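*Asks:* Right, I'll just put the structure down here and ask away after.
There are 2 protein chains.
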Amino acid sequence: MAPKTRAENRAEQTRAILDRARAQLAEVGPAALSVRQIARDVGMVSSAVYRYFPSRDELLTALIVEAYDELGAAVEAADAHVKRRTDLDKRFLAWANAIRTWALANPHEYALLYGSPVPGYVAPDDTVPAASRITGALLSLVAESELAQHVLGAPTNRLSTKERTALGPVRDAIPSPVEDERMLRWLMAWACVFGHLSLELFGHMHRGVLDYDAHFAQVTGQLAADLGLTG
Amino acid sequence: MAPKTRAENRAEQTRAILDRARAQLAEVGPAALSVRQIARDVGMVSSAVYRYFPSRDELLTALIVEAYDELGAAVEAADAHVKRRTDLDKRFLAWANAIRTWALANPHEYALLYGSPVPGYVAPDDTVPAASRITGALLSLVAESELAQHVLGAPTNRLSTKERTALGPVRDAIPSPVEDERMLRWLMAWACVFGHLSLELFGHMHRGVLDYDAHFAQVTGQLAADLGLTG
DNA sequence: ACATTTCGAGAGCAGTGCTCTTGTTTTCGT
DNA sequence: ACGAAAACAAGAGCACTGCTCTCGAAATGT
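Protein chains in written order, with the UniProt record's numbering: chain A, 1 to 231; chain B, 1 to 231.
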């Protein structure tokens, strides 16, 4: 029995609360997450929890950050498992499949991250850097595809001038310059992947598509082809 | 003062509750919608509301159905405003723009329909037919594009056999047969549009894209081109 | 005209997020 | 090493929620 110092104890309690909160999140979803229930489960009184998280919403954002980190780590691990780094199609598929695998394993967490924000629109808070890991992994692929001089697999319209300026920030997020049309195709792939996932996980594909795995594979394969990553 | 009959009164009260609920939904979102507050607003006691809607969830599903109907009507109206019925690209853009316009005007309703389902996964209930109006409008365009023998604007991979059988139900929802690759491209467009909308409305495009209007126009225009609707 | 159903109102229950107060314990400055 | 200061757990309490039950009053069907 080490005579726990105050900081140690605080760290332990914080973890215990977060762990129990994640478990409850997986069971009942974000809407039904109860601070009092969490307090009971970890063996303290509800008001004590507020010494660690000032409100339920802050607890939720902590869970969001944790979930983003977990998903980001999964994505990066999947990418690292592709041996030939120049196989950008494999890396793109690894990116998409990692997200889908994680989402299927943690549907409530996915809903928390990419579904409707529960307490109104969350202002730009400390969840942004964690969330950037996922898109950042994709942007790396964009840069590498540009450097590899891949030619797009589908004819792509020239960007309107408004659109060109509209994409300024995302372009700035990539160190090297990227062709207009390529940038657009990658953004479309981004929307298509998350659109598929949200439609699938939120029950909008129930009638219409039988085998989600097959459909996702077909879609992502097509996206890779459109991006010129294959061959 | 007509001596309101019982059925009349019931219809009026039901409407009053629904109207007030929609207003409150637009103000505070689905999570914070309160039966008691609605009751106060319409001038009755909370328990009286339960004579009209057996639970809060049933009230929410009624709101979902209403929202689907409103969105469906908006989509159909937008489609009807395209004079040359063979201009499938214009009709596709009308479809996409109608959804986005409605979503921007009613973000909380959009979140209710296409965001994370609030009370766990809603089982297949009476919301399905209302929801089918939106996808149904898209499927009509698929059928017409096939009949018009449009040739896809982007090279498309052959479907895997698993994928071909996976798409059985959606194919059955269209009276006339549809080419495999065309079906896939339309499903991708479907996911891409809703993916864009969810990413935009739920705040994931905040950094990255400045002008959502321009980007959406560019994306949907590209989708129409990929589907072979232009020219 | 009467029995049945429908309805509104109120009380009440169990639960929630959150605040405040009250002792107790750990930490820190001197 | 000791006393001031900060951190902490516990409990009571407030305002609120969804929902149930009972009780009278009103409209309905026969």
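Backbone N, C-alpha and C define an ideal beta-carbon position, used for all residues, glycine too.
These figures come from a predicted structure and were not determined experimentally.
What separation, rounded to the nearest whole angstrom, lies between the Cα atoms of B/E70 and A/R22?
*Replies:* Numbered from its first residue, the second sequence carries residue 70 of chain B at position 70. Numbered from its first residue, the first sequence carries residue 22 of chain A at position 22. The straight-line gap from Cα to Cα measures roughly 37 Å.
*Asks:* Check whether the Cβ atoms of A/V178 and A/V142 lie closer than 8 Å to each other.
*Replies:* Along the first sequence, read from residue 1 onward, the residue named residue 178 of chain A stands at position 178. Along the first sequence, read from residue 1 onward, the residue named residue 142 of chain A stands at position 142. Yes, they are a contact pair.
*Asks:* According to a CB-to-CB cut-off of less than 7 Å, which residues of the stretch 125 to 158 of chain A neighbour chain B?
*Replies:* G153, A154, P155, T156 and N157
*Asks:* Give the secondary structure of B/Y121 by DSSP, where H, G and I count as helix, E and B as strand, and everything else as coil.
*Replies:* Translated into the one-based positions of the second sequence, residue 121 of chain B becomes position 121. In this prediction, B/Y121 scores a pLDDT of 45, lower than 50, which makes its location untrustworthy; no coordinate-derived value is stated.
*Asks:* Do you know whose CA, among A/L113, A/W95, A/N97 and A/R15, lies nearest A/H30's CA?
*Replies:* Mapped onto the first sequence, residue 30 of chain A falls at position 30. What sits at residue 30 of chain A in the sequence shown is Pro, not His. Out of A/L113, A/W95, A/N97 and A/R15, A/L113 has the C-alpha closest to the C-alpha of A/P30.
*Asks:* Can you name the residues of chain A whose CB is closer than 7 Å to the CB of B/R207?
*Replies:* Indexing the second sequence from 1 puts residue 207 of chain B at position 207. Going along chain A in sequence order, the residues near B/R207 (Cβ under 7 Å) are P169.
*Asks:* Step through the CB atoms of chain B and report whether any lies within less than 8 Å of the CB of A/F92.
*Replies:* In the first sequence, residue 92 of chain A corresponds to position 92, counting from 1. Not an interface residue.
*Asks:* To the nearest angstrom, how far is the alpha carbon of A/R133 from that of A/D87?
*Replies:* Taking the first sequence and counting its residues from 1, the one referred to as residue 133 of chain A is at position 133. Taking the first sequence and counting its residues from 1, the one referred to as residue 87 of chain A is at position 87. Looking at the two C-alpha atoms, the distance is approximately 21 Å.
*Asks:* Could you confirm whether any beta carbon from chain B is found closer than 8 Å to the beta carbon of A/Y121?
*Replies:* What you label residue 121 of chain A is simply residue 121 of the first sequence in a count that begins at 1. Low local confidence applies: a pLDDT of 46 at A/Y121 is under 50, so the model's placement there is unreliable, and no value is given.
*Asks:* For A/T14, does the three-state DSSP call read helix, strand or coil?
*Replies:* Translated into the one-based positions of the first sequence, residue 14 of chain A becomes position 14. DSSP places A/T14 in helix when its eight states are reduced to three.
*Asks:* Tell me whether the beta-carbon of A/S140 lies closer than 8 Å to the beta-carbon of B/S198.
*Replies:* Taking the first sequence and counting its residues from 1, one reaches residue 140 of chain A at position 140. Taking the second sequence and counting its residues from 1, one reaches residue 198 of chain B at position 198. No. Outside cutoff.
*Asks:* How many Å lie between B/T161 and A/A224 at the Cα?
*Replies:* Your numbering for residue 161 of chain B matches position 161 in the second sequence. Your numbering for residue 224 of chain A matches position 224 in the first sequence. Each residue's Cα considered, the two are about 19 Å apart.
*Asks:* Would you report the Cα separation of A/R100 and A/H215, rounded to the nearest angstrom?
*Replies:* As a working note, residue 100 of chain A is residue 100 in the first sequence. As a working note, residue 215 of chain A is residue 215 in the first sequence. Their Cα atoms are separated by approximately 12 Å.
*Asks:* Could you pull out every residue in the same chain whose Cβ sits closer than 7 Å to the Cβ of B/H196, ignoring the five residues on either side in sequence?
*Replies:* Within the second sequence, residue 196 of chain B is the residue found at index 196, counting from 1. Only F216 and V219 meet the Cβ criterion.
*Asks:* Give a yes or no on whether the minimum CB-CB distance between A/E163 and chain B is below 8 Å.
*Replies:* Walking along the first sequence from the start, residue 163 of chain A turns up at place 163. True, the Cβ-Cβ gap to chain B drops below 8 Å.
*Asks:* Roughly how many angstroms separate the alpha carbons of A/A130 and A/G72, rounded to a whole number?
*Replies:* Residue numbering aside, residue 130 of chain A sits at position 130 when the first sequence is read from its first letter. Residue numbering aside, residue 72 of chain A sits at position 72 when the first sequence is read from its first letter. Roughly 8 Å separates the two Cα atoms.
*Asks:* If you reduce the DSSP assignment to three classes, tell me which class A/Y68 lands in.
*Replies:* On the first sequence, residue 68 of chain A is found 68 positions in, with the first residue counted as 1. Helix at A/Y68.
*Asks:* Please name the residue in B/R36, B/H206, B/R85 and B/D180 whose C-alpha comes closest to that of B/T165.
*Replies:* Taking the first residue of the second sequence as 1, we reach residue 165 of chain B at position 165. Measuring from the Cα of B/T165, the nearest candidate turns out to be B/D180.
*Asks:* What three-state label does DSSP hand A/I174 in the structure shown?
*Replies:* As a working mapping, residue 174 of chain A is identified with position 174 in the first sequence. A/I174 falls in the coil class under three-state DSSP.
*Asks:* In chain B, which residues lie less than 7 Å from A/Q37 when you measure between Cβ atoms?
*Replies:* What you label residue 37 of chain A is simply residue 37 of the first sequence in a count that begins at 1. The premise fails here: A/Q37 is roughly 17 Å from chain B at the closest Cβ pair, so nothing lies under 7 Å.
*Asks:* To the nearest whole angstrom, what separates the beta carbons of B/L18 and B/A62, a pair I think is in contact under 8 Å?
*Replies:* For the purposes of this step, residue 18 of chain B is identified with residue 18 of the second sequence, where counting begins at 1. For the purposes of this step, residue 62 of chain B is identified with residue 62 of the second sequence, where counting begins at 1. The pair is a contact, with the Cβ atoms about 6 Å apart (cut-off 8 Å).
*Asks:* Use the C-beta contact count for B/P117: other C-beta atoms within 10 angstroms, 16 or more gives buried, fewer gives exposed.
*Replies:* Start at 1 with the first residue of the second sequence, and residue 117 of chain B comes out as number 117. Buried: at least 16 other Cβ atoms inside 10 Å.
*Asks:* Exposed or buried, what is B/R185 when buried is set at 16 or more other beta-carbons lying within 10 Å of its beta-carbon?
*Replies:* Here the question's residue 185 of chain B lines up with position 185 in the second sequence. With 16 or more other Cβ atoms within 10 Å, it is buried.
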